[in-house]
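K.L.:
If you use the numbering used here, the sequence shown corresponds to residues 313 to 591, in order. For every residue, glycine included, the Cβ atom is placed at its ideal position computed from N, Cα and C. Have a look at this one.
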Amino acid sequence: MPDMNDNPLGNFLKDRRTRLDPAALGFPLTRRRTPGLRREEVAQRANVSATWYTWLEQGRGGAPSAEVLERIARALMLTEIEREHLFLLGLGRPPKARYQAVEGVTPRLQRVLDALEFSPAYIKTATWDIVAWNRAASAVLTNYDALATQQRNILRLIFCDPNVRARQPDWESVARFVVATFRLEAARAGASHAVEALVEELRSRSPEFAALWREQDVRAHGEGTKQLRHPTVGLISMEYSSFAVDGRPELSMVVYQPATRADVDAIRQLLQARQETTR
313 MPDMNDNPLG NFLKDRRTRL DPAALGFPLT RRRTPGLRRE EVAQRANVSA
363 TWYTWLEQGR GGAPSAEVLE RIARALMLTE IEREHLFLLG LGRPPKARYQ
413 AVEGVTPRLQ RVLDALEFSP AYIKTATWDI VAWNRAASAV LTNYDALATQ
463 QRNILRLIFC DPNVRARQPD WESVARFVVA TFRLEAARAG ASHAVEALVE
513 ELRSRSPEFA ALWREQDVRA HGEGTKQLRH PTVGLISMEY SSFAVDGRPE
563 LSMVVYQPAT RADVDAIRQL LQARQETTR
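This is how it looks when you write it as structure tokens:
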């Protein structure tokens with residue numbers, strides 16, 4: 313039998329089952345020498361053989377299937393992070409993404425955005441809904457505060473809002489990039505079905521979107537440069553970076569950094585004007 317010290321998967325499974333309360337899960341408390349669930353009780357909850365589960369904890373019997381690992385994750389009531397760790401130990405890869413709709417962000421994440429005074433920044437979902445932003449983003453990119461929740465979607469803004477379209481010096485390139493990146497991120501997050509209604513809406517509202525969607529292009533967001541033609545201060549140049557939000561695979565943060573001192577001054581001017589109008 314393999315040494316448990318050389319069996320990270322078995323160690324993890326054993327640790328997590330010892331943390332569960334048998335009584336809360338409907339199992340009797342009689343004659344238990346160790347805390348938590350017994351192996352056969354985990355096997356029962358996961359609908360697998362008790363012998364096979366014992367072998368899994370002991371490092372015998374080969375690699376489990378993804379379906380079985382999903383059942384074990386539910387049986388052990390693992391968090392999303394623990395579920396991912398289970399798959400990495402058992403199969404050497406993360407589990408298939410399970411998309412979850414998002415309504416907002418934590419106050420801590422919002423404070424991160426607010427600390428970026430002259431750098432427009434927002435947090436978007438895998439369906440490209442904007443769920444958080446800072447003052448600079450509203451002043452430079454789009455006045456998200458004035459939009460209804462459903463309107464705060466990057467694709468709707470790019471393809472259906474003439475004001476947003478007019479701010480893009482090269483709208484065709486931006487539109488192509490947005491569609492290709494959106495397609496990849498939605499698939500990566502397991503949100504392909506969640507975006508079907510949005511895609512159908514945009515196909516009916518925008519012939520340009522329909523044509524680009526048929527091309528099947530995919531791109532990564534990553535880093536790059538962006539220019540905006542603002543109606544008040546003129547052309548603004550920025551460098552952007554996209555970041556994953558740790559522990560929230562359905563979210564990403566995009567930060568636009570002013571490219572030059574003149575761009576910083578332009579953003580400062582917009583923020584000052586915005587502050588004066590809200591007094």
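Just the C-alpha distance for alanine 487 and phenylalanine 471, rounded to the nearest angstrom, thanks.
P.N.:
Approximately 8 Å between the Cα atoms of the pair.
K.L.:
Rounded to the nearest angstrom, what separates lysine 538 and leucine 469 at their Cα positions?
P.N.:
Using only the alpha carbons, I get a separation of about 16 Å.
K.L.:
Note down the Cα distance separating leucine 368 from lysine 326, rounded to an integer number of angstroms.
P.N.:
Each residue's alpha carbon lies about 10 Å from the other.
K.L.:
Drop a sphere of 10 angstroms on the beta-carbon of phenylalanine 294, count the other beta-carbons inside from all chains shown, and report buried for 16 or more, exposed for fewer.
P.N.:
The structure shown does not extend to residue 294, since the chain spans only 313 to 591, so no value can be given for it.
K.L.:
Can you tell me where the beta strand (DSSP E) holding threonine 589 begins and where it ends?
P.N.:
First-last for threonine 589: 573-589, but that is the alpha helix (DSSP H), not the beta strand (DSSP E).
K.L.:
Helix, strand or coil, according to DSSP, for arginine 343 in the structure here?
P.N.:
Three-state result, arginine 343: coil.
K.L.:
Applying the criterion that 16 or more other CB atoms from any shown protein chain within 10 Å of the CB defines a buried residue, is proline 347 buried or exposed?
P.N.:
Per the 10 Å Cβ criterion, exposed.
K.L.:
When the Cα atoms are used, what is the spatial distance from alanine 458 to arginine 447?
P.N.:
Going from the Cα of alanine 458 to the Cα of arginine 447 covers about 12 Å.
K.L.:
State yes or no: is the beta carbon of threonine 342 nearer than 7 Å to at least one beta carbon in chain D?
P.N.:
Considering every chain present, this structure includes no chain D. It has just one protein chain.
K.L.:
Could you pull out every residue in the same chain whose Cβ sits closer than 7 Å to the Cβ of leucine 583, ignoring the five residues on either side in sequence?
P.N.:
Arg447, Ala448 and Ala451.
K.L.:
Let me know the alpha helix (DSSP H) ranges lying completely inside the region 483-513, each 4 residues or longer, listed in chain order.
P.N.:
Taking only runs of at least 4 residues, the alpha helix (DSSP H) segments lying wholly in the region 483-513 are 483-500.
K.L.:
Can you list, in chain order, the residues of its chain whose CB lies under 8 Å from that of tyrosine 552, leaving out five sequence neighbours each side?
P.N.:
Taken in chain order, the residues that qualify are Glu535, Gly536, Thr537, Lys538, Val566, Val567, Tyr568 and Gln569.
K.L.:
Which residue spans inside the region 356-428 form an unbroken alpha helix (DSSP H) run of at least 4?
P.N.:
Here the runs fully enclosed are 362-370, 378-387, 392-403 and 419-426.
K.L.:
What residue range does the alpha helix (DSSP H) around glycine 322 cover?
P.N.:
It spans 320-330 - the alpha helix (DSSP H) in which glycine 322 sits, taken as one unbroken run.
K.L.:
Only counting the same chain, and skipping five residues up and downstream in sequence, which positions put a Cβ closer than 8 Å to that of leucine 341?
P.N.:
Pro334 and Ala335.
K.L.:
Measure the C-alpha to C-alpha separation of threonine 330 and glutamate 352 and round it to an integer number of angstroms.
P.N.:
Near 13 Å, if we compare the C-alpha coordinates of glutamate 352 and threonine 330.
K.L.:
Can you tell me whether alanine 444 sits near the ligand HEM, meaning its C-beta is under 6 Å from at least one heavy atom of the ligand?
P.N.:
The ligand HEM is not part of this structure, which contains no ligands at all.
K.L.:
In terms of alpha-carbon separation, which member of Gln370, Val360, Phe339 and Arg395 lies closest to asparagine 323?
P.N.:
Cα-wise, what sits closest to asparagine 323 is Gln370.
K.L.:
Taking phenylalanine 489 and arginine 531 to be in contact with their CB atoms under 8 Å, please state how far apart those CB atoms are, rounded to whole angstroms.
P.N.:
That belief holds up - the Cβ atoms of phenylalanine 489 and arginine 531 are roughly 6 Å apart, short of 8 Å.
K.L.:
Can you give me the Cβ contacts of valine 576 inside the same chain, cut-off strictly under 6 Å, excluding the 5 residues immediately before and after it?
P.N.:
Correct list, in chain order: Phe430 and Pro570.
K.L.:
Comparing alpha-carbon positions, which option in Gln581, Val507, Lys436 and Val476 lies nearest valine 557?
P.N.:
Considering only alpha carbons, the answer is Lys436.
K.L.:
Check this for me: beta carbons of leucine 388 and arginine 328, under 7 Å apart or not?
P.N.:
Yes. Within cutoff.
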